[in-house]
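In what follows, a structure is listed as structure tokens, so that the remarks can point back to it.
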Amino acid sequence: MENTICHRHFYPAIPQTKTLRMEKKIEAPAGVVWSVVGNFSRFDRFTDGLNKCQMIGEGLGQVRVKTFDSGDYVVDQISFRDNSNMKMHFNIISTSLNLRNLWELMRVEELTDSCCKVVWEMAGEPKTGAQQELEVFLSDFANAALANVESICSERLNEVSS
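Letter by letter, the sequence shown follows residues 98 to 259 in the numbering used here.
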């Protein structure tokens, strides 16, 4: 019998924290979009202000160290990945940002052969300050990143058709 670990949980449940859900419809095949958002080691390609991504390990449990232009850092770990269904789950294990707790789920849903939807869900808590301020920050951050994903995919499709 195969022993497979699909989920790892590092923090207790956050019953008072709502899950934020950001979506972006993108006119590109789901596989093209997943090749951008599903590449855990290349988050820097579509995240503003992120200047370096360093990877430690491989597969489930892989750790990503992100360094931002501001000098802040985030260390997160992938705990679930399903390439055939185009989704992955990861959570922060250390950061200098005002985040005490954060888990994220990203997935790509095929709508047609040439159109899909990216869904980015997050739930987190601030170290200090108001929950609502953190939720605005996370929503703005994710929406900007998803707009960048759309631009990257559009450029890829234009290169292929040229």
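Cβ atoms here follow ideal geometry from the backbone N, Cα and C, with glycine treated the same way.
Just so we're clear, the structure is a prediction, and the values are computed from it rather than from any experiment.
The Cβ atoms of ARG204 and LYS184 sit closer than 8 angstroms to each other. Per the Cβ contact rule, the stretch 187–204 is in contact with the stretch 220–240 (3 or more Cβ pairs under 8 angstroms). Rounded to the nearest whole angstrom, the CA to CA distance from GLU155 to CYS250 is 26 angstroms.
By alpha-carbon distance to GLU256, the top candidate from GLU230, ALA125 and THR114 is ALA125. Out of LEU254, VAL233 and LEU243, the CA that lies nearest to the CA of THR116 is found in VAL233.
Distance check between GLU247 and each of ARG118, LEU202 and VAL134 places VAL134 closest, using alpha-carbon atoms only. For ASP145, the CB contacts under 6 angstroms within the same chain, skipping 5 residues up- and downstream, are ALA241 in chain order. In the structure shown, ALA227 falls within a coil segment according to DSSP collapsed to helix, strand and coil.
The three-state reading of DSSP puts PHE143 in coil, since its state is none of H, G, I, E or B. With a cutoff of 8 angstroms on beta-carbon distance, ARG161 and PHE137 are scored as near each other. GLN151 and ASP169 have their C-alpha atoms some 14 angstroms from each other. For ASN148, the closest alpha carbon among the candidates ASP179, PHE165 and PHE177 is that of PHE165.
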